[in-house]
């Protein structure tokens, strides 16, 4: 099975700030669930929404069918969960100051940023998206260093 990850950015001040702090060309990640929709986490929480008009698409191949089903079930049960504001604020502070850490202590395991949701989805499928980082510290720039492969450049 194949998982499709959507990576985006916009011209808003928040998008610009996220890209600056994370040193990334992207400010947002989501999981593509069909040809017109994705599930992601933003200020309003975890939701299914229409795909953006412009995006880059990454794929991760060789996901076992049963793991894929379990991951998708888990992903759909996360709808309605809140956005992880303390986690994103602590990430911004640590990145801005250049501090290294092993764990994001302010991250709430029942709330998500877009990157955390993406990373946790792979954990639920018993897959590693990227070694050496945990879900609380996974950021949009890490998609470029992960095992995901860019297949569509639309930005």
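Numbering (the working numbering), first residue to last: 1 to 155. For glycine and all other residues, C-beta sits at the position ideal for the given N, C-alpha and C.
Close Cβ partners of residue i (< 8 Å) along its chain, the five nearest in sequence each way excluded
| i | result |
| --- | --- |
| residue 128 | 122, 147 |
For residue i, the residue or residues it bridges with in DSSP
| i | result |
| --- | --- |
| residue 60 | 3 |
| residue 152 | 57 |
| residue 42 | 45 |
| residue 30 | 6 |
| residue 37 | 50 |
Identity of the residue in the options nearest residue i by Cα
| i | options | result |
| --- | --- | --- |
| residue 47 | 80, 144, 131 | 80 |
| residue 6 | 92, 68, 54, 98 | 54 |
| residue 115 | 29, 152, 4, 14 | 29 |
| residue 14 | 4, 26, 3 | 26 |
| residue 41 | 117, 89, 65 | 117 |
| residue 126 | 155, 38, 67 | 67 |
Sequence-distant residues of the same chain with beta carbon closer than 7 Å to residue i, five excluded per side
| i | result |
| --- | --- |
| residue 22 | 95, 139, 140, 141 |
Rounded Cβ spacing between residue i and residue j (contact assumed at less than 8 Å)
| i | j | result |
| --- | --- | --- |
| residue 111 | residue 84 | 4 Å |
| residue 87 | residue 136 | 6 Å |
| residue 75 | residue 31 | 6 Å |
Other residues of its chain near residue i: CB distance less than 6 Å, five sequence neighbours each side excluded
| i | result |
| --- | --- |
| residue 131 | none |
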